[in-house]
Every structure is written in structure tokens, then in C-alpha cells.
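One structure is given below, encoded as C-alpha cells.
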Amino acid sequence: MLLAQVVDVSAAVAATRSRKAKVQSLAGLLSDLAPDEIEPAVAWLSGEPRQGRLGTGWRTLSALKVEPAEQPATTVAELDITLTELVGTSGAGSAKRRTELLTTVFSGATADEQQFLFRLFTGELRQGALEGVLTEAVAAASGVASELVRRGFMLSGSLPATARAALLDGTEAVAAFRLEVGRGVRPMLASPASTLDDAVAELGAVTVEYKLDGARIQVHRDGEDVHVFTRSLRDITAKVPELVELVRALPCRSVVLDGESLALTDDGRPRPFQETMSNASSGTLAPRFFDCLHLDGTDLLDVPLRERLAALTEVVGDLRMPGVLDATAEQAAQVLDDSLGAGHEGVMVKALDSVYAAGRRGKSWQKVKPVHTLDLVVLGVEWGYGRRTGMLSNIHLGARDPDGGAPVMVGKTFKGMTDALLTWQTEQFSARALHDDGHVVTLPPEFVVEIGLDGVQTSTRYPGGVALRFARVIRYRPDKTPADADTITAVRALLA
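Take the sequence shown: its letters are residues 0 to 495, numbered as in numbering that gives the first Met the number 0.
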């Protein structure tokens, strides 16, 4: 298959807001792929090469200045082979060889293909909702049930690998995916609750736990072999030796734990989120675990949370996330007060009969914070004036399109920014600018920022029909990609 066919389908998917039309276009393409084309094509349509980061930045690609080809000729398989060589090129002379490889790729690409590759290589195709649409497309093209494809994706941690199994070998191959200790599982996600009382009333029997301002971790242990993964399933084992030793000391032979880690001050209060993410603080990096997915040879994904928590307590003891089981409304309110008093974000309310539905933001887990917060994508930024002259200040904010389109703008803000943050923004955004008209700098949709707000209101000013009220920056989220940003549907839900 030619790369041009993938590019055409990508453009068609971006051009329609119909989820059904997106699935049909993608399924048609998937049905025509040769076996060695499935994984690279699915990875590209998900927004990234299957080789991971290529080490090619915006400036490097912009400096190529290669004339486009008149006719498409590059095949999917050829490009995938070249990208594998590009990632593996290192040592003396590697810079020159990498430039040669990139020049070859871009000189053989048409104008449309060049644009696609530029965005793919720089991360600008990463529309996270496309994973959901692609999952449905894999099911449609393969005849495998959607729920089974989603579960295979959850357990494999790789949509390209799941697609290959489904398209080549069908239901039996996808059903064969199992939790594998040492291989990351896509994490279960939570939805925002309207109020604490509403969440407790809706979910029935619940556990109410602290919600920490930390970094999500997933820990796997098989004997002495320990792996620690981030929210995005990046392996950070080598960077957290203290966590590795702690997990090796747990009273078990094998375990998979879900939790958070955060840096603490000497008196046990949480340090700023950025210090946890950089692991640069002088305090202790402390884990707190809230779920157990496997223990001593037994997978627990499909058992109720109540049973998983019993296993969790057995293996981690005092390292379990603070909270109350079978909490009443009054007890839930006390847990929230205690969490906020200890310097944390709020609480999580979880249905005790829920299974672990990884990778999905369902209603079984709900998060409650004292103020509304949203994770949004930075689309652009304006040059400041007055005291902020020469600094990039007012950021343009977009919510994720749940159907895989471009982020939908919902507002702007320059509030909540310290001088240090303004300096950081100016340095980072200047280096990543796509266009600068002297007033607004257009950015690739890759920076995720957590925004505090008092609510939303209807608005004809922005394409989503809503606008943020009293938005202010809380922090940037280097642990999240645009795939993790809140959707325009979630923003509109705040109107109620």
C-alpha cells in the first residue's frame, strides 16, 4: 500500500465530524493492509510512529527544504523500514546519516505526504481520541467484537499489536491477550463528579480515597524483577531506584499495583507537582497504591474493586491510599476535609462492585475537587504588553474533540502565571512556534495545562459554543499528552 492512501484517509477522518464516517473510512483502509503494513499504519493513524520518538524536532525538519515529489511512490513498508533505521542510527557520523535518511523520505513524498510526515514526526498528529475511533475501526474491519478489541488493547498496551492480531487471526487471537507481569496495562481513568454527595448517591457502595497531586505509577514485580511505568506506559524503572527497592520488599512473589507517587516535605506535606515530575526535590518520593491488578499468579482485573482492595491491603499495608470503605455521605465529607487539610487535591469516589476497565474514562470512578479543573491543550499564545512585554503570556486553550478532530478552542487566560512560568512559556513556546504574526504565536497541540475555573458559559465567540469563566493556570502537565486532555463534551457538561 502507498503512504498516500494512509494520508488520504487521515485527511478524510479529519474533515468529518461523523464518528460513523470516520470508522468506515479507517475500517476500509485497515481491510486492505498487508500483514507487514498493519502495525505501522495503525501507529501512524494513532498519531505516532511505532518506533516511538524519532529524535527529529521541528527545527530539524524545517531545515530540510526538500522539494516535494510530483507523484506518490513511497510505500508503507518502505517508510517503516526507513524509520527503524533512523531510530537505530547513532554514534560517529550519525547526524549526517540521519539527515540523509530524512532527506530521502521527504524528497520521495508529495506535498500532502510531506505535511503528514512533518506533523507525525513532530507529534502534531497526536489526536488522542482517534485511538477510540481506531479501536472501533479495527473491530469493524476484523469482525471481532468491539469490547474484545478494547480489552485486547488494554492488556497488550499496544493498539498496533492488537490490530494485527485481530485482522490476521481474529477473535481467538485477540482473546488470547492476558495481563503479563512486566508489560504495562492501560490505566483506568476517572470522570469528574458534579458534587461529592452526587457521586456517593450515584455509585451506591463506595470507597472514598484521597486524591493526590502526584504522578500516576503502575508497578510490576515478578520475583526480583521490577518495572515502574508512567500513566502513558513509559518505563521509568531506572529513574526510581527507591521505588524498586520498596516493591522488592513487599510480602509477595508477583504483583501489579496501580497508584501515585509524590515528593514530600520533611513534615510529610506534598511538594509542588513539578518537583514530583522531575524527581529533583530533596524530599522523599512516596508511593501510595490504590489498586491491585495481580497478586501471586492470580489476575484480579475482572473481580470487584472490594476484592482487589482486600488483596491490596494484604500486600502493601500502610502504603495503601488513605480512605474509607463503604463510606457514608458524612464519612465521605470527612475524607474530603482530611485530604484537603493534608494539602492534597480532593478525593476519588469508586464503586466497590466495579471491575478494572483500563483505558476508559467511565463513571465507576469519579474525582471530586473543591474547584473545577480541566486539562486543556495550548493552541497558541499572545505576546504580552506592559510588564509582560517580551514575554509570551495569554494562552489559547482547546478541549479535545472526542471524535478525533482538532482541539476545540474554549477560551484564553493569562492568570495564575508566575514570573518563572512566564519565562518557561516564552522559552518553550518560542522554540516550538509554528507561526508568529507578531501578536499571536501558533503552537503544535502538544502542551497540556491544568486550568482552574469557576464554571463555563454559553458563548458564540468560540467554535465549541462555550467559554471558560475566570480561568487560571494551575500547572502544566508534562505527564499528559493531548490524548489525556478533557473533551469538549466534558466542558459543555459544566454548563449544568
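Glycine residues also receive a C-beta, built at the ideal position from the N, C-alpha and C atoms.
Glu259 versus Thr412: straight-line alpha-carbon distance, rounded: Rounded to whole angstroms, Glu259 to Thr412 spans 29 angstroms at the Cα level.
Quick one: give me the first and last residue of the alpha helix (DSSP H) that Ile235 is part of. Secondary structure note for Ile235: it is in no alpha helix (DSSP H), with a DSSP letter that is neither H nor E.
Are the beta-carbon atoms belonging to Gly451 and Val367 less than 8 angstroms from one another? Remark: C-beta atoms of Gly451 and Val367 do not approach each other more closely than 8 angstroms.
Please return the same chain residues whose Cβ sits closer than 7 angstroms to the Cβ of Thr154, not counting the five positions on each side in sequence. A small correction: the amino acid at residue 154 is Leu; Thr does not occupy that position in the sequence shown. Cβ within range, chain order: Phe176, Arg177, Leu178, Val184.
Nearest to Ser392 by CA position, among Thr425, Ser145, Pro240, is which residue? Residue Thr425 holds the alpha-carbon nearest to the alpha-carbon of Ser392 among Thr425, Ser145, Pro240.
The stretch 288-296 contacting the stretch 307-315, beta-carbon criterion three pairs below 8 angstroms: With a cut-off of 8 angstroms on Cβ pairs, the stretch 288-296 is in contact with the stretch 307-315, counting three or more such pairs.
Alpha helix (DSSP H) runs wholly inside the stretch 357-440, at least 4 long, in chain order: With a minimum length of 4 residues, the continuous alpha helix (DSSP H) runs that stay inside the stretch 357-440 are 418-431.
As a quick exercise: from Pro39, Asp402, Phe115, pick the residue whose alpha carbon is nearest that of Ile80. Minimum Cα-Cα distance from Ile80 among the listed residues Pro39, Asp402, Phe115 corresponds to Pro39.
For Lys238, count neighbouring C-beta atoms within 10 Å of its own C-beta (all shown protein chains included) and say buried if the count is 16 or more, exposed if not. With fewer than 16 other Cβ atoms within 10 Å, it is exposed.
For the stretch 135-148 and the stretch 61-78, state whether three or more C-beta atom pairs, one from each stretch, are separated by less than 8 angstroms. No, the stretch 135-148 does not touch the stretch 61-78.
Flag this pair as yes or no: are the beta carbons of Ala492 and Val409 separated by less than 8 angstroms? Contact flag unset, no.
Rounded C-alpha distance that separates Ser363 from Arg319: For Ser363 and Arg319, the distance between alpha carbons rounds to 20 angstroms.
What residues match up with Asp298 in a beta bridge as DSSP calls it? Paired residue(s): His293.
If you measure between the beta carbons of Val524 and Ala432, is that distance less than 8 angstroms? There is no way to answer for residue 524, as the model of the chain reaches only from 0 to 495.
Top-ranked residue by Cα proximity to Pro250, from Leu44, Leu292, Arg220, Asp31: Nearest option by C-alpha distance: Arg220.
For Ala10, the first and last residue of its enclosing alpha helix (DSSP H): That run of the alpha helix (DSSP H) goes 2-14.
Please classify Pro481 as buried or exposed, where buried requires at least 16 other C-beta atoms within 10 Å of its C-beta. Here Pro481 is buried. Its C-beta has 16 or more other C-beta atoms within 10 Å.
Whole-Å CB distance - Gly122 paired with Glu445, under 8 angstroms assumed: Contact flag correct, Cβ pair sits at about 5 angstroms.
Which of helix, strand or coil DSSP assigns to Gly282: Caution is warranted here: a pLDDT of 41 is assigned to Gly282, below 50, making its placement in the model unreliable, and no coordinate value can be reported.
Boundaries (first-last residue) of the beta strand (DSSP E) holding Pro39: DSSP places Pro39 in no beta strand (DSSP E) but in the uninterrupted alpha helix (DSSP H) bounded by 37-45.
Can you tell which of Ser30, Leu85, Val132, Gln217 has its C-alpha closest to the C-alpha of Phe120? Ranking the options by Cα distance to Phe120, first place goes to Leu85.
Take Leu25 and list the residues in its own chain whose beta-carbon comes closer than 7 angstroms to its own, dropping the five residues that flank it on each side. Result list for Leu25: Val8, Val12, Leu44, Val132, Leu133, Ala136, in chain order.
If I follow the unbroken alpha helix (DSSP H) through Gln538, where does it start and stop? Coverage of the chain is limited to positions 0 through 495, which leaves residue 538 absent and any answer about it impossible.
Lys210 by DSSP, collapsed to three states: which one? Here Lys210 sits in strand by DSSP.
Best match in Leu351, Leu335, Val334, Asp325 for proximity to Asp301 [C-alpha to C-alpha]: Ranking Leu351, Leu335, Val334, Asp325 by Cα distance to Asp301 puts Leu351 first.
Going by DSSP, name the residue or residues bridged to Gly228. Here residue 228 is Phe; the residue named in the question, Gly, does not match the sequence. In the DSSP output, where bridge partners are listed per residue, Phe228 has Gln217, Asp234.
First and last residue of the uninterrupted beta strand (DSSP E) at Gly451: Per DSSP, Gly451 is one residue of the beta strand (DSSP E) stretching across 447-452.
Residues that DSSP places opposite Leu261 in a beta bridge: The partner list for Leu261 (beta bridge, DSSP) reads Ala285.
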